[in-house]
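Residue numbers (our numbering), protein chains in the order written: chain A, 1 to 435; chain B, 1001 to 1303.
Below is one structure, written out as C-alpha cells, with a few remarks after it.
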Amino acid sequence: MMSEENNGISRRSVLKGAAVGGLGIAAGGSLLAGCGTKKVTGDVHFTIRGNLSDAGAKIAIAANDAYTKKTGNKVISQAVNSDDFQNNFVQIMQGTPDDAFGWMAGWRTNARADAGLLADVSDQIKALGSALSPAAIQGATNPKDGKQYIIPTTYYPWGLHYRKSTMKELGLDPESIATWDDLIKLCEATQKKGLVGYALGDKGGWEAMGTFDIINMRLNGYQFHIDLLNGKEKWTDAKVVDVFTHMGQLIPYMNKNVLDISWDGMRDLLLQKKCGAMMMGSWFANDFKAKSQEDYDDLWIVPFPEINPEHGVDSIDAPLDGISVAANGKNVEGGKDLAGFLGSKEGIDAAVAAGDTNIYISSEFDTTSYDAFNKQKLAVLGAAKNIGFFLDRDTRGDFAGPVVGPAIQSFLKNPKDLNKILENTQKQWDALPAL
Amino acid sequence: MKTATANKKVRSRRSLSRNDRFTLAAFIGIPTLMQIIFLWLPALITIALSFTYWNGINVSDIKWAGLANYKNIFFGTPVFYEALKNNLIWLLWFTFIATPLGILLAYQIDRKIKGHKIFETVFYIPVVLSLAIIGIIWNFMLQPGGFVQGIMGRDIGNAVSIWGNYSINTYVIMGVASWRHIGYIMLLYLAGLKSVDPSLREAAAIDGATEWQTFRKIVLPAMRPVNIIIVVITIIESLRAFDLVYIIYGTSTAWPLLNILVFQNFAGQGISMKGAAYAVILLVLCIGPILLYLRNVFKEDLK
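In C-alpha cells, the structure reads:
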C-alpha cells in the first residue's frame, strides 16, 4: 500500500502561484535559464511523444531547432507513439533511451525516479530561478528525496469544453451554469436539439477518469479525492457511491457509443459540432488550431459546476507536463541542458512561435500575448485552490490502468453493478504490494 | 560391391563420419541451445517471478510473494474471469464453427465443385494477412467514423455501437477472427487431402458408401497427421489470441483476453508480477489440453 506522504500539502495551490504570476505583466526574472556554468556539447537525442504529423511534434522540433541554433549542439528527434512510449517506458529507460523527452509530473515521474531511471534536474530548475513559482517547483518535486526529475513547462486545465457557435445556435449559455442541476439542464437542452449532451469516450479506459476526478473533488473535496487514490479512504465509502451515482445521471445524455470511441473520437464530436459539452483536458486545442483558426477561436472552456457548496469549485485537474532526462542516456548532461533550454524563455518563445496553444508555467513568458482561449484557461485554473494531476498520475500505475480503468468501464456498461464494482476495486487495492 | 558395403555402413548410426557427426550436432545443438536460451529460460524465470512482487526495474527490489499474485487473480480480479470467458468462447467458436467450416470448404474445393478456384482464392486471401493487419482493416471498417458507418450514413455522433456494444461485439470479433482462420484451416486441409490416395475413395464409392460415410470412414482416418496439427493449431490460436483485440481495444481491457491481461500487467505502465502469474496460467492452459490430446493420440498409435 502507498506509504509515502503524498505531496498533499504542496499540491494545494501548486500552480495557482504560477497562474497569478503569469497574469501579471511579465515578471522580471532576469536569470539566463538553461545556461550552466560549463559549456555542454554533443548531440542530444530527444523523443517526441506522438506522430510526426501532429501539431505537437512540429512545435517540439521548432523548439529543438532553436536549441541547436543557440548552442550548436545537434538535436536528433524521433517520434514514438505516445501510448507505446508510456507502456514500454520502463523497458525503454533501461535500454538505450533518448537523452530527453516530454513527460508528466506526478507518480509516473516520481516512481521511476525512485528506481533510478531518471536524471536529477534540480540544477536546471535552480538555473531557471524565479521563472518557476515555488508552488510549481513543489509540484515537480519527488516527495521521497526532495529533488526534481522533471522540468515543468506547460499545464492545462480539465474542464467543460464547448463550441461557442453551437451553444449560440442552441440559445444556451454554459458560462451561466453554476450547479449540478444547471449542468443536467444544459445537457438535456442540448440533447433535445439533437446533439450529444455530454460527450464521452472511454474506449481507452482513461478518458472517463476525468469525469470521475472532477465529480469526486466537487462532491467530497480535494483531500478526500487524493486520500482515496492513496488508499487512505475506501472505495466502498458511500461518498464514492455518490460520485458514481452522479456520473450515472449523466449517462442518458451521453453519446450511445461511449465505449466505442477514444479521446480522439470525443475531440471529433466537438470538432464536427455534434455535441454540446465535453469534459476534457485543454491540450487537444492544438488540433483545433491545426484544423483552422476559425475552429480554434470557436473553442471555449468553463469550470465544471459546483455540486457541494462546501467545496464549491475549489479544485481542478491540471496535469503538469514537462521535460525529463533519462539517467541511462548517452549524453545525460546534454539532455539536461536541452531540458533546461526548453523550460526557459527562449525555448518557450520558439514553441509558441511554432503555434503552441499551451499555457506555460514560466513567469518569464509574456502572458499578455495570450489569445482569448488561453486567458480563459488561466481564469479557469485561477478559480481553483487545489490542483489534482489526473487520476493516472495521482495514484500508482499498477492501480490506475489495470483496476480503476476497467472499473469505470464496467460501470458505464452496467451502472447497476456499482456496489460489486466498488467492492472489487477496494479488494484489488488491498492486494497491491507495498511500494 | 565396395560402394554397397560403404553405403550400408553410412546408414548404420554408429559409423557416422566425423563430418556428419559435426553437422548433426550443429543441427540439433544450435536450435536446442536457442530454445533453452530464448524460450525455456525466460519461461522458467517468468514462472519464478510469478511468485514475487516486483516492479520490473531493479533486481534487488524483488520480494517473495508466495501465492499472493494467484490469490489476487483468482479471488480479487473479476476481469480475469471475463478474459477467461472470452478465451473460452474463442476456443469453442473455433472448434465447433470456424475449423469445421474450413474443413468442409477444403473438402468441397477438393471435389472441384463449381467455382472452386474462386472460393479457394477468396478464402485464401485473408490468410496472408497477420491478425494485427486484420484488426486494423476491420477496425477501420466498423469504428465510429469508419467505412461501414459512413455507408450507413452514420457520423461519429450517432454511429452504431459495435466494439462497445456488449451484446454483439463478441460475435463480431469471432466473425473477424474466423475470416482468417477458416482460410487457414482450409489451406492446411486442402494440402492434406491432395495426399489422400484417390483409389481409396474410388473403392469406397464402388462399395456404395455415401459421401458422409466416405468422409468419416475413409478420408478422416487417412488425414490423421493433418488432423493432429489442426487440433493443436485451433487450441493455440484461440488461447494465444492477442493482436486482433489489442489493435481494436488497446490495453484498456474493454474486451479482455488473458494475453491482454499479461500485457497490461507485465509491460504496461504499472508493471507488476501479476502479469507473470497471468502468463503462467495461460501457459498451463495452452500446454494442458495439447499434452492430453497428444498423449491420447500416441496411445492409440501404440495399440
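Ideal Cβ placement from N, Cα and C applies to all residues, glycine included.
How would you list, in chain order, the residues of chain B whose beta-carbon sits under 8 Å from the beta-carbon of residue i?
i: A/Asp-260; result: Gln-1143, Pro-1144, Ala-1159, Ser-1161, Ile-1162, Trp-1163, Gly-1164, Asn-1165
i: A/Asn-424; result: Gly-1076, Thr-1077, Pro-1078
i: A/Phe-399; result: Gly-1270
i: A/Leu-269; result: Ile-1156, Gly-1157
i: A/Asn-81; result: Here the premise fails: no neighbours, minimum Cβ distance about 11 Å.
i: A/Leu-117; result: Ile-1057
i: A/Lys-74; result: Those do not exist, as A/Lys-74 stays about 31 Å from chain B at its closest Cβ, beyond 8 Å.
Whose C-alpha, out of the options, is nearest the C-alpha of residue i?
i: A/Phe-341; options: A/Gly-281, A/Glu-364, A/Ala-327; result: A/Glu-364
i: A/Pro-319; options: A/Met-280, A/Gly-197, A/Ala-127; result: A/Met-280
i: A/Ala-178; options: A/Val-258, A/Thr-368, A/Pro-303; result: A/Pro-303
i: B/Leu-1104; options: B/Leu-1220, B/Trp-1040, B/Asp-1197, B/Met-1174; result: B/Leu-1220
i: A/Ser-53; options: A/Thr-71, A/Asp-43, A/Gln-78; result: A/Gln-78
i: A/Asp-314; options: A/Pro-305, A/Lys-336, A/Val-325; result: A/Pro-305
i: A/His-354; options: A/Lys-416, A/Ala-62, A/Phe-101; result: Reading the sequence as shown, one finds Ala at residue 354 of chain A and not His. Nearest of A/Lys-416, A/Ala-62, A/Phe-101 to A/Ala-354, Cα basis: A/Ala-62.
i: A/Val-196; options: A/Arg-218, A/Ser-130, A/Ala-277; result: A/Ala-277
i: B/Leu-1193; options: B/Ala-1048, B/Asn-1069, B/Tyr-1107; result: B/Tyr-1107
i: A/Arg-393; options: A/Ala-60, A/Ser-130, A/Gly-102, A/Asn-110; result: A/Asn-110
i: A/Asp-123; options: A/Ile-151, A/Val-352, A/Trp-158; result: A/Ile-151
i: A/Asn-424; options: A/Gln-148, A/Tyr-67, A/Trp-235; result: A/Trp-235
i: A/Val-90; options: A/Arg-112, A/Lys-39, A/Ala-100; result: A/Arg-112
i: A/Asp-213; options: A/Ile-387, A/Gly-102, A/Trp-263, A/Asp-430; result: A/Ile-387
i: A/Thr-357; options: A/Ala-384, A/Lys-185, A/Ser-282; result: A/Ser-282
Note down the Cα distance separating residue i from residue j, rounded to an integer number of angstroms.
i: A/Ala-26; j: A/Ile-316; result: Any reading at A/Ala-26 must be qualified, since the residue scores a pLDDT of 36, below 50, and its modelled position is unreliable; the value itself is stated next. Taking the straight line from one Cα to the other gives about 25 Å.
i: B/Leu-1292; j: B/Val-1232; result: 11 Å
i: B/Lys-1140; j: A/Asp-237; result: Position check: residue 1140 of chain B holds Phe in this sequence, whereas Lys was assumed. Their backbone Cα atoms lie some 42 Å apart in a straight line.
i: B/Met-1186; j: B/Gln-1213; result: 20 Å
i: A/Ser-133; j: A/Tyr-360; result: 12 Å
i: B/Asp-1020; j: B/Phe-1027; result: 10 Å
i: B/Ala-1159; j: A/Leu-183; result: 25 Å
i: A/Gly-28; j: A/Ile-348; result: The predicted model places A/Gly-28 with a pLDDT of 36, which falls under 50 and marks its position as unreliable; any figure quoted below should be read in that light. A/Gly-28 and A/Ile-348: Cα-Cα distance of roughly 16 Å.
i: B/Val-1297; j: B/Ile-1228; result: 8 Å
i: B/Ile-1287; j: B/Ile-1281; result: 10 Å
i: B/Thr-1046; j: B/Ser-1017; result: 41 Å
i: B/Phe-1074; j: A/Arg-267; result: 38 Å
i: A/Leu-117; j: A/Ala-350; result: 29 Å
i: A/Leu-270; j: A/Tyr-162; result: 7 Å
i: A/Pro-97; j: A/Arg-49; result: 13 Å
i: B/Ala-1065; j: B/Thr-1121; result: 53 Å
i: B/Leu-1190; j: B/Ser-1238; result: 22 Å
i: A/Cys-187; j: A/Leu-250; result: 8 Å
i: B/Ile-1109; j: B/Phe-1096; result: 20 Å
i: B/Leu-1088; j: B/Leu-1285; result: 11 Å
i: B/Ile-1168; j: B/Ile-1162; result: 7 Å
i: A/Ala-33; j: B/Ile-1260; result: The predicted position of A/Ala-33 is uncertain, since its pLDDT is 41 and thus under 50; a value taken from the coordinates is nonetheless stated next. About 45 Å.
How would you list, in chain order, the residues of chain A whose beta-carbon sits under 9 Å from the beta-carbon of residue i?
i: B/Tyr-1278; result: By Cβ distance, chain A contributes nothing, its closest Cβ being about 11 Å from B/Tyr-1278, past 9 Å.
i: B/Asp-1301; result: Per Cβ cutoff of 9 Å: no residues; B/Asp-1301 is ~45 Å from chain A at best.
i: B/Gln-1035; result: Near B/Gln-1035 there are no residues of chain A at all, since even the closest Cβ is about 23 Å away, more than 9 Å.
i: B/Ala-1317; result: Residue 1317 of chain B lies beyond the stretch modelled for chain B, which goes from 1001 to 1303, so this question has no answer here.
Could you work out which residues of chain B lie near residue i, taking near to mean beta carbons separated by less than 7 Å?
i: A/Lys-90; result: In the sequence under discussion, the amino acid at residue 90 of chain A is Val, which differs from the Lys named in the question. Neighbours of A/Val-90 on chain B, chain order: Gly-1056, Ile-1057, Ile-1271.
i: A/Lys-460; result: This structure does not reach residue 460 of chain A, given that chain A is present from 1 up to 435, and the question cannot be answered.
i: A/Asn-436; result: Limits of chain A in this structure are 1 at one end and 435 at the other, which puts residue 436 of chain A out of reach.
Run through chain A and tell me which residues come within less than 8 Å of residue i, C-beta to C-beta.
i: B/Asn-1072; result: Gln-428, Ala-431
i: B/Ala-1267; result: Asn-87, Asn-88, Gln-91
i: B/Tyr-1249; result: Lys-203
i: B/Gln-1264; result: Gly-401, Pro-402
Would you check whether the ligand COA has a heavy atom nearer than 8 Å to the C-beta of residue i?
i: A/Ala-434; result: Questions concerning the ligand COA fall outside what the structure shown contains, since it holds no ligand whatsoever.
Interface residues of chain A around residue i at Cβ under 7 Å?
i: B/Ala-1254; result: Lys-203, Gly-205, Leu-259, Gln-409
i: B/Tyr-1053; result: Pro-433
Chain B partners of residue i, CB-CB under 9 Å?
i: A/Arg-396; result: Gly-1270
Are the region 1121-1134 of chain B and the region 1169-1183 of chain B touching by the rule of at least three beta carbon pairs closer than 8 Å?
yes
So, does the region 1259-1276 of chain B touch the region 1050-1066 of chain B, judging by three or more C-beta pairs under 8 Å?
yes
Quick one: complete alpha helix (DSSP H) runs, 4+ long, within the region 1015-1098 of chain B?
1018-1035, 1041-1049, 1068-1076, 1078-1093
For the region 327-343 of chain A against the region 401-410 of chain A, are there 3 or more C-beta pairs whose distance is under 8 Å?
no
Inter-stretch contact at 8 Å, needing at least 3 Cβ pairs: the region 249-258 of chain A / the region 192-200 of chain A:
yes
Under 8 Å: do the region 1258-1272 of chain B and the region 1118-1127 of chain B share three or more Cβ pairs, one atom per stretch?
no
Taking 8 Å as the cut-off, does the region 1198-1218 of chain B touch the region 1031-1050 of chain B (at least 3 CB pairs, one atom from each stretch)?
no
Say whether the region 412-429 of chain A touches the region 161-174 of chain A, bearing in mind that this needs 3 or more beta-carbon pairs closer than 8 Å, one atom from each stretch.
no
Within the chosen definition, does the region 1243-1263 of chain B reach the region 1193-1209 of chain B through at least 3 CB pairs nearer than 8 Å?
no
What are the complete alpha helix (DSSP H) segments, minimum 4 residues, inside the region 1217-1262 of chain B?
1224-1239, 1243-1249
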